[in-house]
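The sequence shown runs contiguously to residue 387 in my numbering.
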Amino acid sequence: MFQYKCLNPIAEAGLNQLAGQYVQVENLEDADAVLVRSANMHEMELPDKLQAIARAGAGVNNIPLDLCAQKGIVVFNTPGANANGVKELVIAGMLLAARDIVGGVNWVDAQSENPDVQKQAEKEKKRFAGSELRGKKLGIIGLGAIGVQVANAATHLCMEVYGYDPFISVDAAWNLSRTIHHVTDVEKIYEQCDYITIHVPLTDSTRGMIDQAAISKMKPNAVILNFARDLLVDEKAVVAALREGHIHRYVSDFPNPVTVGKKGVIITPHLGASTVEAEENCAVMAATELRNFLESGNIRNSVNYPNCDMGVCTHVARVAVYHRNVPKMISCFTDVLGDMNIQNMSNTSRGDYAYTLVDLDAPLSEKVVNGLKGVSDVIRVRVIKNS
(Lines of atoms letter the chains of each structure in order from A and count residues from 1; the text may use other names and numbers.)
(Lines give C-alpha, C1' and ligand atoms only; values in the text may rest on other atoms or scores of the structure.)
Protein backbone atom coordinates (compact mmCIF):
# COMPACT_ATOMS: atom_id res chain seq x y z
CA MET A 1 0.00 0.00 0.00
CA PHE A 2 1.35 3.42 -1.02
CA GLN A 3 0.24 6.74 0.47
CA TYR A 4 0.34 10.03 -1.47
CA LYS A 5 -0.33 13.67 -0.71
CA CYS A 6 -1.66 16.29 -3.16
CA LEU A 7 -0.28 19.76 -2.40
CA ASN A 8 -2.49 21.32 -5.11
CA PRO A 9 -5.75 20.24 -6.77
CA ILE A 10 -4.87 17.51 -9.26
CA ALA A 11 -7.13 16.57 -12.19
CA GLU A 12 -9.33 13.58 -11.48
CA ALA A 13 -8.00 11.83 -14.58
CA GLY A 14 -4.61 11.65 -12.86
CA LEU A 15 -5.92 10.55 -9.49
CA ASN A 16 -7.85 7.78 -11.22
CA GLN A 17 -4.47 6.28 -12.16
CA LEU A 18 -3.74 5.86 -8.45
CA ALA A 19 -6.35 3.29 -7.58
CA GLY A 20 -6.14 -0.01 -5.74
CA GLN A 21 -3.04 0.04 -3.58
CA TYR A 22 -2.86 3.85 -3.35
CA VAL A 23 -4.39 5.96 -0.58
CA GLN A 24 -4.53 9.76 -0.49
CA VAL A 25 -3.49 11.21 2.89
CA GLU A 26 -3.85 14.64 4.50
CA ASN A 27 -0.51 14.85 6.28
CA LEU A 28 2.77 15.20 4.41
CA GLU A 29 4.63 13.16 7.02
CA ASP A 30 2.50 10.11 6.12
CA ALA A 31 3.21 10.30 2.36
CA ASP A 32 5.39 8.03 0.27
CA ALA A 33 4.85 10.37 -2.67
CA VAL A 34 3.68 13.90 -3.43
CA LEU A 35 1.77 15.32 -6.37
CA VAL A 36 2.27 19.07 -6.79
CA ARG A 37 1.68 21.88 -9.24
CA SER A 38 2.63 25.36 -7.98
CA ALA A 39 2.89 24.94 -4.18
CA ASN A 40 6.22 26.19 -2.83
CA MET A 41 8.03 23.28 -1.19
CA HIS A 42 11.26 25.10 -0.30
CA GLU A 43 10.22 25.80 3.28
CA MET A 44 8.55 22.45 3.89
CA GLU A 45 9.99 19.81 6.18
CA LEU A 46 10.40 16.76 3.96
CA PRO A 47 9.82 13.54 5.91
CA ASP A 48 12.30 10.66 5.72
CA LYS A 49 9.48 8.44 4.48
CA LEU A 50 8.98 10.52 1.33
CA GLN A 51 10.31 8.74 -1.76
CA ALA A 52 9.12 10.78 -4.74
CA ILE A 53 7.65 14.10 -5.84
CA ALA A 54 5.85 14.45 -9.17
CA ARG A 55 5.32 17.95 -10.55
CA ALA A 56 2.25 18.09 -12.80
CA GLY A 57 3.95 20.50 -15.19
CA ALA A 58 7.41 21.25 -16.54
CA GLY A 59 8.91 23.89 -14.24
CA VAL A 60 10.34 22.69 -10.93
CA ASN A 61 11.68 25.91 -9.39
CA ASN A 62 9.13 25.47 -6.55
CA ILE A 63 10.87 22.26 -5.42
CA PRO A 64 14.24 22.03 -3.55
CA LEU A 65 15.92 19.70 -6.03
CA ASP A 66 19.34 19.48 -4.36
CA LEU A 67 17.88 18.77 -0.94
CA CYS A 68 15.65 16.08 -2.43
CA ALA A 69 18.61 14.44 -4.17
CA GLN A 70 20.58 14.44 -0.92
CA LYS A 71 17.67 12.73 0.86
CA GLY A 72 17.09 10.19 -1.90
CA ILE A 73 13.79 11.74 -3.03
CA VAL A 74 13.31 11.43 -6.78
CA VAL A 75 11.65 14.46 -8.40
CA PHE A 76 9.71 14.05 -11.63
CA ASN A 77 8.17 16.53 -14.04
CA THR A 78 5.92 16.11 -17.07
CA PRO A 79 7.72 17.54 -20.12
CA GLY A 80 5.50 17.98 -23.14
CA ALA A 81 2.21 17.20 -21.39
CA ASN A 82 1.08 20.84 -21.55
CA ALA A 83 2.98 21.77 -24.72
CA ASN A 84 -0.03 22.11 -27.01
CA GLY A 85 -1.86 24.45 -24.63
CA VAL A 86 1.17 26.72 -24.31
CA LYS A 87 1.83 26.60 -28.06
CA GLU A 88 -1.70 27.80 -28.81
CA LEU A 89 -1.34 30.71 -26.39
CA VAL A 90 2.00 31.71 -27.94
CA ILE A 91 0.32 31.87 -31.36
CA ALA A 92 -2.51 33.91 -29.81
CA GLY A 93 0.11 36.21 -28.25
CA MET A 94 1.68 36.87 -31.63
CA LEU A 95 -1.72 37.72 -33.09
CA LEU A 96 -2.53 40.05 -30.18
CA ALA A 97 0.77 41.85 -30.73
CA ALA A 98 0.47 42.00 -34.51
CA ARG A 99 -3.01 43.49 -34.54
CA ASP A 100 -4.38 45.66 -31.74
CA ILE A 101 -7.18 43.23 -30.98
CA VAL A 102 -7.24 44.10 -27.27
CA GLY A 103 -7.49 47.82 -27.99
CA GLY A 104 -10.24 47.23 -30.54
CA VAL A 105 -12.29 45.04 -28.22
CA ASN A 106 -11.93 47.54 -25.37
CA TRP A 107 -13.08 50.37 -27.65
CA VAL A 108 -16.17 48.42 -28.73
CA ASP A 109 -17.03 47.55 -25.11
CA ALA A 110 -16.90 51.24 -24.23
CA GLN A 111 -19.55 51.99 -26.91
CA SER A 112 -22.37 50.09 -25.22
CA GLU A 113 -24.51 53.27 -25.02
CA ASN A 114 -23.63 54.50 -28.51
CA PRO A 115 -26.51 53.94 -30.99
CA ASP A 116 -24.16 54.77 -33.89
CA VAL A 117 -21.51 52.21 -32.87
CA GLN A 118 -21.56 50.43 -36.22
CA LYS A 119 -20.96 53.61 -38.20
CA GLN A 120 -18.42 54.89 -35.68
CA ALA A 121 -16.51 51.60 -35.81
CA GLU A 122 -15.81 52.07 -39.50
CA LYS A 123 -14.16 55.39 -38.70
CA GLU A 124 -12.24 54.18 -35.68
CA LYS A 125 -10.94 50.84 -36.92
CA LYS A 126 -7.85 52.35 -38.52
CA ARG A 127 -6.62 53.10 -34.98
CA PHE A 128 -6.36 49.37 -34.37
CA ALA A 129 -4.95 48.27 -37.72
CA GLY A 130 -1.91 46.03 -37.57
CA SER A 131 0.16 43.69 -39.66
CA GLU A 132 -0.02 40.03 -40.65
CA LEU A 133 2.19 37.22 -39.39
CA ARG A 134 2.72 35.86 -42.88
CA GLY A 135 6.28 36.46 -44.06
CA LYS A 136 7.54 37.68 -40.69
CA LYS A 137 10.60 36.18 -39.04
CA LEU A 138 10.04 34.26 -35.82
CA GLY A 139 13.00 33.41 -33.59
CA ILE A 140 12.57 30.60 -31.07
CA ILE A 141 15.05 30.27 -28.22
CA GLY A 142 14.78 26.72 -26.89
CA LEU A 143 13.58 23.82 -29.02
CA GLY A 144 12.13 21.54 -26.39
CA ALA A 145 8.59 20.14 -26.45
CA ILE A 146 6.93 23.58 -26.59
CA GLY A 147 9.48 25.30 -28.82
CA VAL A 148 9.22 22.57 -31.46
CA GLN A 149 5.43 22.79 -31.53
CA VAL A 150 5.53 26.59 -31.82
CA ALA A 151 8.06 26.32 -34.65
CA ASN A 152 6.03 23.81 -36.63
CA ALA A 153 2.76 25.73 -36.14
CA ALA A 154 4.39 28.99 -37.25
CA THR A 155 5.51 27.44 -40.52
CA HIS A 156 1.84 26.78 -41.33
CA LEU A 157 1.22 30.50 -40.82
CA CYS A 158 3.86 31.07 -43.52
CA MET A 159 6.32 32.63 -41.10
CA GLU A 160 10.06 32.30 -41.59
CA VAL A 161 11.19 30.42 -38.50
CA TYR A 162 14.63 30.44 -36.88
CA GLY A 163 15.45 28.14 -33.97
CA TYR A 164 18.28 28.33 -31.45
CA ASP A 165 19.08 25.49 -29.04
CA PRO A 166 22.65 24.28 -28.48
CA PHE A 167 21.31 21.32 -26.49
CA ILE A 168 18.52 20.14 -28.80
CA SER A 169 17.60 16.51 -28.23
CA VAL A 170 17.47 13.88 -30.94
CA ASP A 171 13.70 13.49 -30.49
CA ALA A 172 13.16 17.24 -30.84
CA ALA A 173 15.33 17.37 -33.95
CA TRP A 174 13.33 14.56 -35.56
CA ASN A 175 10.04 16.33 -34.79
CA LEU A 176 11.17 19.68 -36.16
CA SER A 177 9.99 20.76 -39.61
CA ARG A 178 12.71 20.71 -42.27
CA THR A 179 11.88 24.33 -43.12
CA ILE A 180 13.15 25.64 -39.75
CA HIS A 181 16.44 27.53 -39.95
CA HIS A 182 18.76 26.26 -37.22
CA VAL A 183 21.05 29.02 -35.95
CA THR A 184 24.08 28.50 -33.72
CA ASP A 185 24.38 32.10 -32.53
CA VAL A 186 21.46 33.55 -30.56
CA GLU A 187 22.61 37.05 -31.55
CA LYS A 188 21.24 36.39 -35.06
CA ILE A 189 17.76 35.93 -33.61
CA TYR A 190 18.03 39.20 -31.68
CA GLU A 191 19.19 41.06 -34.76
CA GLN A 192 17.02 39.57 -37.51
CA CYS A 193 13.69 38.43 -36.09
CA ASP A 194 10.41 40.33 -35.86
CA TYR A 195 9.05 38.01 -33.14
CA ILE A 196 11.21 36.39 -30.47
CA THR A 197 9.79 33.74 -28.15
CA ILE A 198 11.71 32.06 -25.36
CA HIS A 199 11.18 28.46 -24.21
CA VAL A 200 14.04 27.46 -21.91
CA PRO A 201 14.08 26.40 -18.25
CA LEU A 202 15.02 28.91 -15.57
CA THR A 203 18.59 28.23 -14.46
CA ASP A 204 21.49 30.35 -13.28
CA SER A 205 22.72 30.56 -16.88
CA THR A 206 19.34 31.58 -18.38
CA ARG A 207 18.14 33.97 -15.66
CA GLY A 208 17.75 37.41 -17.25
CA MET A 209 19.15 36.24 -20.59
CA ILE A 210 16.92 38.70 -22.45
CA ASP A 211 18.65 41.75 -21.00
CA GLN A 212 19.39 45.30 -22.07
CA ALA A 213 22.28 44.14 -24.24
CA ALA A 214 20.07 41.63 -26.09
CA ILE A 215 17.25 44.16 -26.46
CA SER A 216 19.62 46.77 -27.91
CA LYS A 217 20.27 44.47 -30.87
CA MET A 218 16.57 44.04 -31.73
CA LYS A 219 14.53 45.75 -34.41
CA PRO A 220 12.25 48.68 -33.44
CA ASN A 221 9.27 46.52 -34.50
CA ALA A 222 10.41 43.50 -32.46
CA VAL A 223 7.94 41.64 -30.27
CA ILE A 224 9.22 39.60 -27.31
CA LEU A 225 7.01 36.74 -26.10
CA ASN A 226 7.59 35.12 -22.73
CA PHE A 227 5.44 32.12 -21.85
CA ALA A 228 8.23 30.27 -20.03
CA ARG A 229 9.31 32.15 -16.85
CA ASP A 230 9.23 35.88 -16.09
CA LEU A 231 12.76 35.82 -14.63
CA LEU A 232 14.20 34.82 -18.00
CA VAL A 233 13.69 38.43 -19.05
CA ASP A 234 15.01 41.65 -17.51
CA GLU A 235 11.55 43.19 -17.51
CA LYS A 236 12.72 46.59 -16.27
CA ALA A 237 14.91 46.81 -19.37
CA VAL A 238 11.96 45.72 -21.53
CA VAL A 239 9.65 48.38 -20.07
CA ALA A 240 12.30 51.05 -20.65
CA ALA A 241 12.82 49.89 -24.24
CA LEU A 242 9.08 50.00 -24.91
CA ARG A 243 8.79 53.47 -23.41
CA GLU A 244 11.62 54.71 -25.62
CA GLY A 245 10.34 53.00 -28.78
CA HIS A 246 13.27 50.59 -29.15
CA ILE A 247 10.92 47.56 -29.40
CA HIS A 248 7.24 47.25 -30.26
CA ARG A 249 5.57 44.85 -27.79
CA TYR A 250 6.19 42.57 -24.85
CA VAL A 251 3.73 39.69 -24.41
CA SER A 252 3.97 37.80 -21.13
CA ASP A 253 2.01 35.21 -19.18
CA PHE A 254 3.34 36.43 -15.82
CA PRO A 255 1.67 39.50 -14.30
CA ASN A 256 3.76 41.47 -11.82
CA PRO A 257 4.13 45.11 -10.71
CA VAL A 258 7.01 45.74 -13.11
CA THR A 259 4.98 45.14 -16.27
CA VAL A 260 1.26 45.40 -15.49
CA GLY A 261 -0.33 48.42 -17.16
CA LYS A 262 2.87 49.55 -18.88
CA LYS A 263 2.95 50.89 -22.43
CA GLY A 264 3.29 48.18 -25.07
CA VAL A 265 2.81 45.30 -22.64
CA ILE A 266 0.18 42.57 -23.09
CA ILE A 267 -0.14 40.22 -20.15
CA THR A 268 -2.29 37.15 -19.59
CA PRO A 269 -2.89 35.77 -16.06
CA HIS A 270 -0.63 32.70 -16.28
CA LEU A 271 -2.92 30.89 -18.69
CA GLY A 272 -0.28 28.92 -20.62
CA ALA A 273 -1.11 25.46 -19.31
CA SER A 274 -4.56 26.34 -17.97
CA THR A 275 -6.65 24.18 -20.22
CA VAL A 276 -8.69 21.16 -19.21
CA GLU A 277 -6.66 19.01 -21.60
CA ALA A 278 -3.25 20.20 -20.37
CA GLU A 279 -4.13 19.76 -16.70
CA GLU A 280 -5.41 16.25 -17.38
CA ASN A 281 -2.38 15.33 -19.48
CA CYS A 282 0.02 16.56 -16.77
CA ALA A 283 -1.88 14.79 -13.98
CA VAL A 284 -2.02 11.47 -15.85
CA MET A 285 1.66 11.64 -16.78
CA ALA A 286 2.72 12.54 -13.21
CA ALA A 287 0.66 9.74 -11.69
CA THR A 288 1.99 7.23 -14.23
CA GLU A 289 5.58 8.23 -13.41
CA LEU A 290 4.92 7.73 -9.70
CA ARG A 291 3.37 4.31 -10.23
CA ASN A 292 6.24 3.12 -12.42
CA PHE A 293 8.72 4.28 -9.80
CA LEU A 294 6.97 3.11 -6.65
CA GLU A 295 5.94 -0.27 -8.03
CA SER A 296 8.96 -1.14 -10.19
CA GLY A 297 11.72 1.29 -9.22
CA ASN A 298 11.93 2.72 -12.73
CA ILE A 299 12.77 6.40 -13.20
CA ARG A 300 11.53 8.35 -16.19
CA ASN A 301 11.54 12.16 -16.51
CA SER A 302 13.37 12.83 -13.27
CA VAL A 303 15.05 16.21 -12.87
CA ASN A 304 17.44 15.29 -10.04
CA TYR A 305 18.22 11.59 -10.59
CA PRO A 306 19.16 9.68 -13.76
CA ASN A 307 16.58 7.88 -15.83
CA CYS A 308 16.60 4.10 -15.37
CA ASP A 309 14.12 1.53 -16.66
CA MET A 310 14.26 -2.26 -16.22
CA GLY A 311 10.55 -2.82 -16.79
CA VAL A 312 8.50 -5.00 -14.46
CA CYS A 313 10.56 -7.29 -12.25
CA THR A 314 10.02 -10.95 -13.16
CA HIS A 315 12.63 -12.26 -10.73
CA VAL A 316 12.44 -13.05 -7.03
CA ALA A 317 13.78 -9.73 -5.74
CA ARG A 318 14.57 -6.19 -6.87
CA VAL A 319 16.49 -3.59 -4.89
CA ALA A 320 17.20 0.07 -5.70
CA VAL A 321 20.30 1.83 -4.42
CA TYR A 322 20.58 5.62 -4.53
CA HIS A 323 24.18 6.77 -4.21
CA ARG A 324 26.83 9.31 -4.99
CA ASN A 325 28.36 9.14 -8.45
CA VAL A 326 31.80 7.97 -7.35
CA PRO A 327 34.08 5.16 -8.58
CA LYS A 328 33.93 1.50 -7.47
CA MET A 329 30.35 1.59 -6.17
CA ILE A 330 29.25 -1.41 -8.24
CA SER A 331 32.07 -3.56 -6.92
CA CYS A 332 31.05 -2.58 -3.39
CA PHE A 333 27.48 -3.67 -4.07
CA THR A 334 28.50 -7.00 -5.57
CA ASP A 335 30.75 -7.65 -2.57
CA VAL A 336 27.77 -7.18 -0.25
CA LEU A 337 25.53 -9.37 -2.42
CA GLY A 338 28.15 -12.09 -2.23
CA ASP A 339 27.04 -15.38 -3.79
CA MET A 340 23.58 -14.10 -4.78
CA ASN A 341 23.03 -14.49 -8.50
CA ILE A 342 22.37 -11.14 -10.19
CA GLN A 343 19.78 -11.65 -12.93
CA ASN A 344 19.71 -8.07 -14.19
CA MET A 345 21.38 -4.79 -13.27
CA SER A 346 21.27 -1.18 -14.41
CA ASN A 347 23.51 1.62 -13.18
CA THR A 348 22.95 5.16 -14.42
CA SER A 349 24.28 8.52 -13.29
CA ARG A 350 23.43 12.19 -13.49
CA GLY A 351 25.88 14.75 -12.19
CA ASP A 352 26.72 14.00 -8.57
CA TYR A 353 24.14 11.25 -8.19
CA ALA A 354 23.66 7.71 -9.44
CA TYR A 355 20.99 5.02 -9.25
CA THR A 356 21.40 1.26 -9.39
CA LEU A 357 18.64 -1.32 -9.87
CA VAL A 358 19.43 -4.97 -9.22
CA ASP A 359 17.25 -8.05 -9.87
CA LEU A 360 18.13 -11.21 -7.94
CA ASP A 361 17.13 -14.87 -8.04
CA ALA A 362 16.71 -15.19 -4.25
CA PRO A 363 15.11 -13.13 -1.46
CA LEU A 364 17.09 -10.33 0.15
CA SER A 365 17.92 -10.83 3.80
CA GLU A 366 17.90 -7.98 6.30
CA LYS A 367 21.66 -8.47 6.66
CA VAL A 368 22.23 -7.88 2.93
CA VAL A 369 19.98 -4.81 2.89
CA ASN A 370 21.80 -3.34 5.89
CA GLY A 371 25.10 -4.16 4.20
CA LEU A 372 24.09 -2.11 1.17
CA LYS A 373 22.98 0.76 3.40
CA GLY A 374 26.36 0.66 5.11
CA VAL A 375 28.37 1.20 1.94
CA SER A 376 30.04 4.61 1.95
CA ASP A 377 28.30 7.17 -0.34
CA VAL A 378 25.00 5.23 -0.37
CA ILE A 379 22.10 7.62 0.23
CA ARG A 380 19.16 5.26 0.31
CA VAL A 381 18.28 1.62 -0.27
CA ARG A 382 14.77 0.53 -1.20
CA VAL A 383 13.59 -3.06 -1.54
CA ILE A 384 10.97 -3.03 -4.30
CA LYS A 385 10.23 -6.75 -4.54
CA ASN A 386 11.23 -9.55 -2.20
CA SER A 387 9.22 -12.72 -2.69
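Virtual Cβ for every residue (Gly too), placed ideally from N, Cα, C.
The closest CA to that of A214, considering only A228, F227, R229, E235, is found on E235. Contact between K87 and A153 holds, with the beta-carbon distance rounding to 6 Å and staying under 8 Å.
The shortest C-alpha to C-alpha distance from D30 to any of V36, M41, K5 is the one to K5. The segment 134-148 makes contact with the segment 189-204, as at least three CB pairs between them are under 8 Å. As DSSP reads the structure, K125 sits in no beta bridge. The segment 267-287 makes no contact with the segment 308-319; the number of CB pairs closer than 8 Å stays below 3. Separation of the CB atoms of A278 and A54 is rounded to 16 Å, and the pair is thereby denied contact status at 8 Å. About 13 Å separates the Cβ atoms of W107 and E122, ruling out a contact at the 8 Å cut-off.
Looking at the DSSP output, D230 sits in no beta bridge, so it has no partner there.
Considered as a whole, the segment 93-118 harbours no complete run of any beta strand (DSSP E) with no fewer than 3 residues. The continuous beta strand (DSSP E) containing A54 extends over residues 52-55.
Every unbroken stretch of the alpha helix (DSSP H) spanning 4 or more residues and falling wholly within the segment 210-278 is given here in chain order: 212-216, 235-243. Here Y322 is bridged, per DSSP, to Y355, R380. Here T356 is buried: its Cβ has 16 or more other Cβ atoms, across all protein chains shown, within 10 Å.
Of the other Cβ atoms in all chains shown, fewer than 16 fall within 10 Å of the Cβ of A129; this residue is therefore exposed. Burial check for R291: the Cβ neighbour count within 10 Å reaches 16 or more, so the residue is buried. Counting along the chain, no beta strand (DSSP E) covers L65; the unbroken alpha helix (DSSP H) around it starts and ends at 65-71. DSSP lists Y353 as the bridge partner or partners of R350.
L176 places its beta carbon less than 8 Å from that of V148. When DSSP states are grouped into helix, strand and coil, Q192 belongs to the helix group. Setting aside the 5 residues that flank it on each side, E160 is surrounded in the same chain by G135, K136, K137, L138, H181, each with a C-beta closer than 8 Å to its C-beta; the list follows chain order. A direct Cα-Cα distance of roughly 53 Å separates V223 from V383.
The alpha-carbon separation between D171 and Q111 amounts to approximately 51 Å. The C-beta of D335 has fewer than 16 other C-beta atoms within 10 Å across all chains shown, which makes the residue exposed.
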